[in-house]
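K.L.:
Okay, handing you the structure first.
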Amino acid sequence: MKTIDTLYINGQHVTPHGTEVLTLIHPVSEQPVAQVRLADEEDTRLAIAAAKAAFPQMRLSSREQRMLWLQLLHDAMKAREGELVETMVDEYGCPVAFAQSTVARAYNSFLQAIDLLKDYSFETQAGMAKVVMEPLGVVGLITPWNANYGFIAGKLAMVIASGSTAVIKPSELSARQTALITECLHKAGLPDGAFNIVTGLGNVVGAEITRHPDVAKISFTGSTAVGKTIARDGAATMKRVTLELGGKSANVLLDDVDLDTAIPLALQVMSWNSGQACIAGTRLLVPANKLEEVKAQILKHLAILVPGNPRDPKTNIGAAVTARQYQRVQEYIRTGIAEGAELLCGGEGRPEGLESGYFVKPTVFVNVRNDMTIAQQEIFGPVLSVITYRDDAEAVQLANDTVYGLQAYVSGKNAERTAAIARQLIAGRVPGLGVNLALTGWKRILNPKPSWDSNMQQPERPAGRIIEELHQRVARRYTPGSGGVKELGCALPWLSFIRIEQPTLLNRGMLSPSMCMVLQGSKKMLIGDNVTEYGPGSYSLAAVDMPVSGQVTRACEAEPYYGVRIDLDGKEIADLIMNMNVVLPDGNGEKTGAWVAAAEEELQAAFLRLVTLLDSPQHLHALAPLIKQEILYRLVIAPAGASFWKQALGWAQGKGVGEAINWIKENYAEPLVIDELAKRVGMSVSSLHHRFKALTIMSPLQYQKQLRLLEARRRLLSCEGDVASVAWKVGYDSPSQFNREYRRAFGASPLQDIDALRQQGTSF
Numbered sequence: 001m002k003t004i005d006t007l008y009i010n011g012q013h014v015t016p017h018g019t020e021v022l023t024l025i026h027p028v029s030e031q032p033v034a035q036v037r038l039a040d041e042e043d044t045r046l047a048i049a050a051a052k053a054a055f056p057q058m059r060l061s062s063r064e065q066r067m068l069w070l071q072l073l074h075d076a077m078k079a080r081e082g083e084l085v086e087t088m089v090d091e092y093g094c095p096v097a098f099a100q101s102t103v104a105r106a107y108n109s110f111l112q113a114i115d116l117l118k119d120y121s122f123e124t125q126a127g128m129a130k131v132v133m134e135p136l137g138v139v140g141l142i143t144p145w146n147a148n149y150g151f152i153a154g155k156l157a158m159v160i161a162s163g164s165t166a167v168i169k170p171s172e173l174s175a176r177q178t179a180l181i182t183e184c185l186h187k188a189g190l191p192d193g194a195f196n197i198v199t200g201l202g203n204v205v206g207a208e209i210t211r212h213p214d215v216a217k218i219s220f221t222g223s224t225a226v227g228k229t230i231a232r233d234g235a236a237t238m239k240r241v242t243l244e245l246g247g248k249s250a251n252v253l254l255d256d257v258d259l260d261t262a263i264p265l266a267l268q269v270m271s272w273n274s275g276q277a278c279i280a281g282t283r284l285l286v287p288a289n290k291l292e293e294v295k296a297q298i299l300k301h302l303a304i305l306v307p308g309n310p311r312d313p314k315t316n317i318g319a320a321v322t323a324r325q326y327q328r329v330q331e332y333i334r335t336g337i338a339e340g341a342e343l344l345c346g347g348e349g350r351p352e353g354l355e356s357g358y359f360v361k362p363t364v365f366v367n368v369r370n371d372m373t374i375a376q377q378e379i380f381g382p383v384l385s386v387i388t389y390r391d392d393a394e395a396v397q398l399a400n401d402t403v404y405g406l407q408a409y410v411s412g413k414n415a416e417r418t419a420a421i422a423r424q425l426i427a428g429r430v431p432g433l434g435v436n437l438a439l440t441g442w443k444r445i446l447n448p449k450p451s452w453d454s455n456m457q458q459p460e461r462p463a464g465r466i467i468e469e470l471h472q473r474v475a476r477r478y479t480p481g482s483g484g485v486k487e488l489g490c491a492l493p494w495l496s497f498i499r500i501e502q503p504t505l506l507n508r509g510m511l512s513p514s515m516c517m518v519l520q521g522s523k524k525m526l527i528g529d530n531v532t533e534y535g536p537g538s539y540s541l542a543a544v545d546m547p548v549s550g551q552v553t554r555a556c557e558a559e560p561y562y563g564v565r566i567d568l569d570g571k572e573i574a575d576l577i578m579n580m581n582v583v584l585p586d587g588n589g590e591k592t593g594a595w596v597a598a599a600e601e602e603l604q605a606a607f608l609r610l611v612t613l614l615d616s617p618q619h620l621h622a623l624a625p626l627i628k629q630e631i632l633y634r635l636v637i638a639p640a641g642a643s644f645w646k647q648a649l650g651w652a653q654g655k656g657v658g659e660a661i662n663w664i665k666e667n668y669a670e671p672l673v674i675d676e677l678a679k680r681v682g683m684s685v686s687s688l689h690h691r692f693k694a695l696t697i698m699s700p701l702q703y704q705k706q707l708r709l710l711e712a713r714r715r716l717l718s719c720e721g722d723v724a725s726v727a728w729k730v731g732y733d734s735p736s737q738f739n740r741e742y743r744r745a746f747g748a749s750p751l752q753d754i755d756a757l758r759q760q761g762t763s764f
């Protein structure tokens, strides 16, 4: 039995500090085949420290040097291609053909990164700003067991291309594959610490990577539950996070499709990687009047699915990776039967002729309702649910009735009709359209709650069309030498989840989608895209620090890991923010109001960071409240002319809120009693407070205070009185109270602040 008892840290194979040992069971023989000694938190910290120490050298490396490293990594893997395939088949139990294609995709990832680097522009001009692409730092790469080589190589390639460094945590279930690919990557001769590989448990090694302050970004592929934890915990240290999680992909067969061609493809799509693939098309949507024909075609073509010996060239379905995964699939099959789905073929137990191994019968259920467990939850096995629909509209509704949005498929004879249906599917990728809309978790992005309300008013523009239009608009306006979408190359997947039309943010997926800004030193701005579980639907939409959730597809791994430095002064930064045009997807007006209200704290925190880290923050302090309001107005009315947004604006503002704002503006120096103001504008106190905050991102009292302070600042700068008289004129009871609030708002006493503003030549 093989023993794996080393980690790869700082260019060396080292003995783990961790002492826990995991026994690996062969999925075909069900016998122990290896023991792996797992890393612990101390090992992880050493790996992070090594990556941090290597970063200065990697950061300063030339384009040519990085391309050479990538070529060496490719060559080192390709030289041992046969061994890599054999080890994957032996450890994973997958068919040899799948292993061969996986290994080839893995080493070709390095060539793709070379192609990207050849003509990539690291410096661009955006108006007054010079945008310089810079490596981000230490990147945590957390990879799954179902395509170990591919995920390690694909993620690492972009880290090296960017000049960043990596700490890789592969699945402990792939320890033998990891040991071999580590030998290959080591042979390439990269600087010590450029990449480090620590095999361990997710709740130990993964958790340490997620919370460690020296890790700048995490790229994770795995389960939705773990993804949520990473997003939440990574936010504590302002990490960028890219998540690729689960899927329950719909495969829509239109009524004009050739079933004799479409059904074999559908069976293959649902059984990719033995069904252990997040993009597997496990929901087959067919016209109700063709169900009997579909059933006959499935039974006719079922023989193309051949489970068995992974080394037999005829085999295309291997074993489940573990006994636990096998039992999980069996439980889902039992649940499908118990909930009333009709079992067309397959079922519980092993396929005929296979007495051992974690093999699952290719299983097809028909007459499945879309609310059944087997239609809603990711099974990760070769289990297909056939669901009927009456017309195209219902097909779209059923396809979108899921918490997932990773991928979808559409088949039909009429290309124009097929494309029209595909554009309505709320899925990140729809193969065959020519443009892969590489974004998942659409439900979580469009709605705070990941569910579809059949009573909800349908959006005027389907989500897919919005993204397609954004691709075209970005390619037309912001791509150097742009001649169309194709020139964006790997930017397309990243742009799929961006709603911000701003040239300095849209550059081949290497910049952040959010407007949360962290400034380091004078005139240097890093734009961050920390991820939470709420998604762009909840607030990279509002241009704050709440981006993508759900499942970001692997296509997003075409995104190298960069920060961006913009040489601007405070006034230019403010102008930059003011000129941003935020474009939201269509949705429900009341939910938009909820998004706006929920964003208050994040948006204020973003501006606090922006202001307090500037060398001369006074000017931006004065503009911050106005910038907040400007962003929010643009947020709601940016897609001008759409009736939905007019309704949304009406919900957020309303006659009462508008009257309240006007009254406060006219009477900012008067005492504000909320009960009296609410009565004056004909609203309840709670409704006024909630809707006022939804529109202005602050309470009525905060709004009045901001107006008072801005007016006081204007009067002082215009020499309309001394501190005491100005304080009294704008409604303060005493100069001391005024001084305290002024210092809290602007970071200096009134006299210090005004002196600084005058030295800068600022005027109101």
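So the sequence shown is numbered by full-length UniProt numbering: it starts at 1 and just counts up by one.
The beta-carbon is built from N, C-alpha and C at its ideal position, and this holds for glycine as well.
With burial defined as no fewer than 16 other Cβ atoms inside 10 Å of the residue's Cβ, what is the status of A76: buried or exposed?
P.N.:
Buried: at least 16 other Cβ atoms inside 10 Å.
K.L.:
Report the residue from R211, T178, A266 and V159 whose alpha carbon sits nearest the alpha carbon of L190.
P.N.:
Checked all of R211, T178, A266 and V159; the closest Cα to L190 is V159.
K.L.:
Nearest to T19 by alpha carbon, out of V36, P32 and L84?
P.N.:
The candidate whose alpha carbon is nearest that of T19 is V36.
K.L.:
Taking the alpha helix (DSSP H) that E134 falls in, what are its first and last residues?
P.N.:
Element bounds for E134: not the alpha helix (DSSP H) but the beta strand (DSSP E), A129 to P135.
K.L.:
How would you label D755, buried or exposed, when you count the other beta carbons within 10 angstroms and need 16 or more for buried?
P.N.:
That one is exposed.
K.L.:
First and last residue of the beta strand (DSSP E) that includes R37?
P.N.:
Segment P32 to R37, the beta strand (DSSP E) holding R37.
K.L.:
By a C-beta neighbour count over all protein chains shown, 10 Å radius and 16 as the cutoff for buried, is Q737 buried or exposed?
P.N.:
Looking at its Cβ environment, which holds fewer than 16 other Cβ atoms inside 10 Å, Q737 is exposed.
K.L.:
Check each candidate in R63, P27, V28 and T165 and name the one with the smallest Cα separation from P56.
P.N.:
Nearest of R63, P27, V28 and T165 to P56, Cα basis: T165.
K.L.:
DSSP on I317, reduced to helix/strand/coil?
P.N.:
Strand, per DSSP.
K.L.:
Can you have a look at P16 and say buried or exposed, based on whether 16 or more other CB atoms are within 10 angstroms of its CB?
P.N.:
That one is buried.
K.L.:
On the premise that G381 lies in contact with L406, defined as a C-beta separation below 8 Å, what is that separation, rounded to the nearest angstrom?
P.N.:
Contact flag wrong, Cβ pair sits at about 17 Å.
K.L.:
Just verifying my parser: in three-state terms, what is the DSSP assignment at S356?
P.N.:
S356: coil per DSSP, three-state reduction.
K.L.:
Excluding five sequence neighbours on each side, which residues of the same chain lie with their C-beta closer than 7 Å to the C-beta of R465?
P.N.:
Model confidence at R465 stands at a pLDDT of 33, short of 50, so the residue's coordinates are unreliable; what they give is reported in the following sentence. Once the five neighbours on either side are set aside, the close Cβ partners of R465 are R423.
K.L.:
Which residue from E292, I387, W728 and E81 puts its Cα closest to that of D401?
P.N.:
Among E292, I387, W728 and E81, the Cα nearest to that of D401 is on I387.
K.L.:
Going along the chain, which residues of its own chain have a beta-carbon closer than 8 Å to the beta-carbon of V685, five neighbours each way excluded?
P.N.:
Around V685: I674, D675 and A678.
K.L.:
Given this structure, state the Cα-to-Cα distance separating E293 from V138, to the nearest angstrom.
P.N.:
Each residue's Cα considered, the two are about 55 Å apart.
K.L.:
For L343, tell me which candidate among V368, A320, E352 and Q327 has the shortest Cα-Cα distance.
P.N.:
The shortest C-alpha separation from L343 is found at V368.
K.L.:
Rounded to the nearest angstrom, what separates A231 and L716 at their Cα positions?
P.N.:
Distance between the alpha carbons of A231 and L716: 45 Å.
K.L.:
Among the residues of its own chain, which have a CB less than 6 Å from the CB of Q752, if the five just before and after it don't count?
P.N.:
Here the set comprises nothing.
K.L.:
Let me check one thing: in DSSP terms, what residues is K290 bridge-paired to?
P.N.:
DSSP lists no partner for K290.
K.L.:
Measuring CA to CA, which of T182, M88 and V167 is closest to residue 771?
P.N.:
Since the displayed the chain opens at 1 and closes at 764, residue 771 lies outside it and no answer follows.
K.L.:
Could you tell me whether the Cβ atoms of D192 and Q12 are closer together than 9 Å?
P.N.:
The answer is yes: Cβ separation under 9 Å.
K.L.:
Please work out which residues of its chain come closer than 8 Å, Cβ to Cβ, to I304, disregarding the five sequence neighbours upstream and downstream, and give them in chain order.
P.N.:
These residues qualify, in order along the chain: P264, L267, Q268 and N316.
K.L.:
I'd like to know if the stretch 321-328 and the stretch 351-363 are in contact, where contact means that at least 3 CB-CB pairs between them fall below 8 Å.
P.N.:
Taking 8 Å as the limit for Cβ pairs, the verdict is that the stretch 351-363 does touch the stretch 321-328.
K.L.:
What residues in its chain sit with their C-beta under 8 Å from that of N662, if we drop five residues either side in the sequence?
P.N.:
Contacts found: none.
K.L.:
Would you give the residue range spanned by the beta strand (DSSP E) that K2 belongs to?
P.N.:
Looking at the DSSP string, the run of the beta strand (DSSP E) that includes K2 is K2 to I4.
K.L.:
Could you work out which residue in E64, D43 and V28 is closest to Y92 when comparing CA atoms only?
P.N.:
It is V28 whose Cα lies nearest to the Cα of Y92.
K.L.:
Could you tell me how far apart the beta carbons of I209 and K169 are, in whole angstroms, since I believe they sit closer than 8 Å?
P.N.:
About 6 Å separates the two Cβ atoms, so the contact holds.
K.L.:
If contacts are defined as beta-carbon pairs under 8 Å, then D43 and V198 qualify, I think. What distance do you get, rounded to the angstrom?
P.N.:
Going by Cβ atoms, the distance from D43 to V198 rounds to 5 Å, so yes, they are a contact pair.
K.L.:
Please report how far the alpha carbon of R758 lies from the alpha carbon of L701, in whole angstroms.
P.N.:
Computed Cα separation, rounded: 29 Å.
K.L.:
Secondary structure at Y389, three-state DSSP: helix, strand or coil?
P.N.:
DSSP places Y389 in strand when its eight states are reduced to three.
K.L.:
Quick one: what's N196 bridged to in DSSP?
P.N.:
According to DSSP, which records beta bridges pairwise, N196 is partnered with V167.
K.L.:
How big is the Cα-Cα spacing for Q297 and L291?
P.N.:
Each residue's Cα considered, the two are about 10 Å apart.
K.L.:
For V252, does the three-state DSSP call read helix, strand or coil?
P.N.:
The answer is strand: DSSP assigns V252 an E or B state.
K.L.:
When you compare only the Cα positions, how much space is there between G206 and P750?
P.N.:
Approximately 49 Å, taken between the alpha carbons.
K.L.:
If you drop the 5 nearest sequence neighbours on each side, which residues of the same chain put their C-beta closer than 8 Å to that of L299?
P.N.:
These residues qualify, in order along the chain: L344 and C345.
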